[in-house]
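Taking it in order: structure first as structure tokens, then the write-up.
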Amino acid sequence: MVIVVGGMIGLGKSSVSKVLGEHFNSEVFYESVDDNPLLPLFYSESEEEIQKKRYPFLLQLYFLNTRFKSIKEALYADNNVLDRSIYEDWYFAKKNMELGRISELEMKIYEDLLENMMEELKEIPKKAPDLMVYLKGSFDTVINRIKLRGREFEVDDSLMEYYKFLWEGYDYWVNNCYSASDVVIIDMDKLDIVNSEEDKKELIRLVEEKLKNRQ
Numbered sequence: 016m017v018i019v020v021g022g023m024i025g026l027g028k029s030s031v032s033k034v035l036g037e038h039f040n041s042e043v044f045y046e047s048v049d050d051n052p053l054l055p056l057f058y059s060e061s062e063e064e065i066q067k068k069r070y071p072f073l074l075q076l077y078f079l080n081t082r083f084k085s086i087k088e089a090l091y092a093d094n095n096v097l098d099r100s101i102y103e104d105w106y107f108a109k110k111n112m113e114l115g116r117i118s119e120l121e122m123k124i125y126e127d128l129l130e131n132m133m134e135e136l137k138e139i140p141k142k143a144p145d146l147m148v149y150l151k152g153s154f155d156t157v158i159n160r161i162k163l164r165g166r167e168f169e170v171d172d173s174l175m176e177y178y179k180f181l182w183e184g185y186d187y188w189v190n191n192c193y194s195a196s197d198v199v200i201i202d203m204d205k206l207d208i209v210n211s212e213e214d215k216k217e218l219i220r221l222v223e224e225k226l227k228n229r230q
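Residue numbers (this note's numbering): 16 to 230.
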């Protein structure tokens, strides 16, 4: 069984992944954040420097590479949880192209590489995840939780417009673009799995119920 955990920045993917990993006694493949050399530059450099150095494109290539490695390892074995996956990266690349931060040529190169990687996955015995756990929440919840976790490069007020742009299209992507597996939607406005044992139990109940009844 392979579960991917997806959702907007700040909603608790790593925390949810940890809870599910412990419950299902599975390995968790966490998103590469603390050791990512590009992420702080992407968030903190001036727009002029970001465009000059092409940080958005480089960041998407970095994530694509690290997530391809993770999903290959996860699909070869049983019982794994992925803190975001290769399927979701396309959404971030597309939104940055819409903002003009990734060029159409860069997007074409990115999509060709992604397609080539997905062809490689077809050679693996397990082709896709069993379930996506999609974390949904209001924009206020997103911003409050980004501020609570306190990564300095994420909390600048100048990023609010960017976060809003990402947040506004996320549900559409899940409902209309993601097709690799069934999806269970977790309302993070209602659940606080970091501080509430009852909420952790409710998360696990919802995931187990979906796994049991998935198509």
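From the three backbone atoms N, C-alpha and C, an ideal C-beta is built for every residue, glycine too.
In this structure, the CA atom of Val-148 is about 14 Å from the CA atom of Asn-228.
Straight through space, the alpha carbons of Leu-54 and Met-112 are spaced by roughly 17 Å.
Between Lys-67 and Glu-60, the alpha-carbon positions lie close to 11 Å from each other. Check the Cα spacing between Gln-75 and each of Tyr-125, Lys-142, Gly-184, Val-17: the tightest is with Tyr-125.
Counting only runs of 4 or more residues that sit fully inside the region 45-79, the alpha helix (DSSP H) segments are 54-59, 62-68, in chain order.
In the three-state scheme derived from DSSP, where H, G and I count as helix and E and B as strand, Ile-200 is classed as strand.
A straight-line Cα-Cα distance of about 10 Å links Trp-182 and Glu-176.
Ile-219: member of the alpha helix (DSSP H) spanning 212-228, first to last residue.
Contact between the region 138-146 and the region 23-43 is absent, with fewer than three C-beta pairs closer than 8 Å. Within the DSSP secondary-structure output, Glu-42 pairs in a beta bridge with Asn-95.
According to the DSSP assignment, Tyr-149 belongs to the beta strand (DSSP E) that extends over 146-151. Annotation: Met-203 to Gly-152 spans about 5 Å, alpha carbon to alpha carbon.
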